[in-house]
Ligand code: GLV
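In our numbering, the protein residues as written are 1 to 291.
So this is what it looks like as structure tokens:
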């Protein structure tokens, strides 16, 4: 029998959903209650390479998240690794972004400040959606959903990716009111949003839903002490964000605990099951990681 080992921790809903979607699999949740030689497939966030190496009959690994920058691909067994591409997660991220876009476009941050001084309207006059530009830096498949969601509500949108852009990067930052960082973390993108990009963003807003290390945190703090209007950060160099990080207490920063795009077992399990079916029929799913 095929055996799927699921790295789901205490969350039994992954086991329930995957068992439902893979009726001919023995679905297990702990490495401790399996013989490694019986495991044919793994669904995981991150399992130690040596644990995976002990699985002599392993046929494939499916990830339970979209990003895979935390995996040392060279150290993992030579089997296909398929990453999770779930439209529901893209929608989750798009709605997280949209809620913050509206927050700033409608000046809710400024009204909240005015309220502390019992100030009626004052100098605040929110712009209309067509005058508010949302840019996605790292506009791949998820970024496109974010752009489409914002455009659907009338916002002006701009996407920028290394392979597809219509203006230089600093011009892109200048032209946006909000930049949404969705660039995958790699050696080339570590600290890619630095002092120059933040200066170009001016009094705009940065939303980071990618990986903390794509932004130079020291440069971000400098920009926030200067013109930058705000930063909404869901991801950090170190997670959980250490209690002594200055980001916690900065009055222009909102911290959320890496929840912008969640993996939902209800929508993800059928996708993982479909990937496994495709692999077993002899083809490689489109989401297979190249290495
Ligand atoms: C979340 O950050 C993911 O990579 O799925």
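From the three backbone atoms N, C-alpha and C, an ideal C-beta is built for every residue, glycine too.
Check	Outcome
Can you grab the Cα-Cα spacing for the pair residue 208 / residue 144, in whole Å?	16 Å
Does residue 41 come out as helix, strand or coil in the three-state DSSP assignment?	strand
Whole angstroms is fine: what's the gap from residue 275's alpha carbon to residue 285's?	6 Å
Alpha carbon to alpha carbon, what distance is there between residue 123 and residue 93?	32 Å
Name the two residues that bound the continuous beta strand (DSSP E) containing residue 160.	156-160
Do you know how far the Cα of residue 40 is from the Cα of residue 31?	13 Å
Sort 47, 215, 81, 201 by Cα distance to residue 187 and report the nearest one.	215
On the DSSP bridge list, what partners appear for residue 55?	According to DSSP, which records beta bridges pairwise, residue 55 is partnered with nothing at all.
Using 8 Å as the cut-off, can you tell me whether the segment 48-63 makes contact with the segment 244-262, which would need three or more C-beta pairs spanning the two stretches below that distance?	no
Is the distance from the Cβ of residue 261 to the Cβ of residue 66 below 8 Å?	yes
Hey, how far is the Cα of residue 110 from the Cα of residue 228?	14 Å
Under the rule that 16 or more other beta-carbon atoms within 10 Å means buried, what is residue 197, buried or exposed?	buried
Could you tell me if the beta carbon of residue 66 falls within a distance shorter than 7 Å of some heavy atom in ligand 1?	yes
If residue 154 sits next to residue 130, beta carbons under 8 Å apart, how far is it from one beta carbon to the other, in whole angstroms?	6 Å
Considering only the alpha carbon of each residue, which of 45, 1, 34, 24 lies closest to residue 268?	45
Can residue 80 and residue 60 be called in contact, C-beta distance under 8 Å?	yes
Would you list the one or two residues that DSSP bridges to residue 28?	5
What three-state label does DSSP hand residue 274 in the structure shown?	helix
Pick out whichever of 127, 17, 2 has its Cα sitting closest to the Cα of residue 266.	17
So residue 170 is in the alpha helix (DSSP H); what residue range does that whole segment cover?	169-175
Report the residue from 270, 137, 238 whose alpha carbon sits nearest the alpha carbon of residue 162.	137
What first and last residue would you give for the alpha helix (DSSP H) that runs through residue 137?	Per DSSP, residue 137 belongs to no alpha helix (DSSP H); it is in the beta strand (DSSP E), 133-137.
Assign residue 217 to one of three DSSP states: helix, strand, or coil.	helix
Which same chain residues, not among the five before or five after residue 5, have their C-beta less than 7 Å away from its C-beta?	28, 31, 34, 39, 42
Do you know offhand how far residue 219's Cα is from residue 26's?	50 Å
So residue 93 is in the alpha helix (DSSP H); what residue range does that whole segment cover?	87-105
If you follow the alpha helix (DSSP H) that residue 149 is in, where does it begin and where does it stop?	141-152
With residue 83 and residue 289 assumed to form a contact (beta carbons below 8 Å), what rounded beta-carbon distance in angstroms separates them?	6 Å
How big is the Cα-Cα spacing for residue 98 and residue 36?	44 Å
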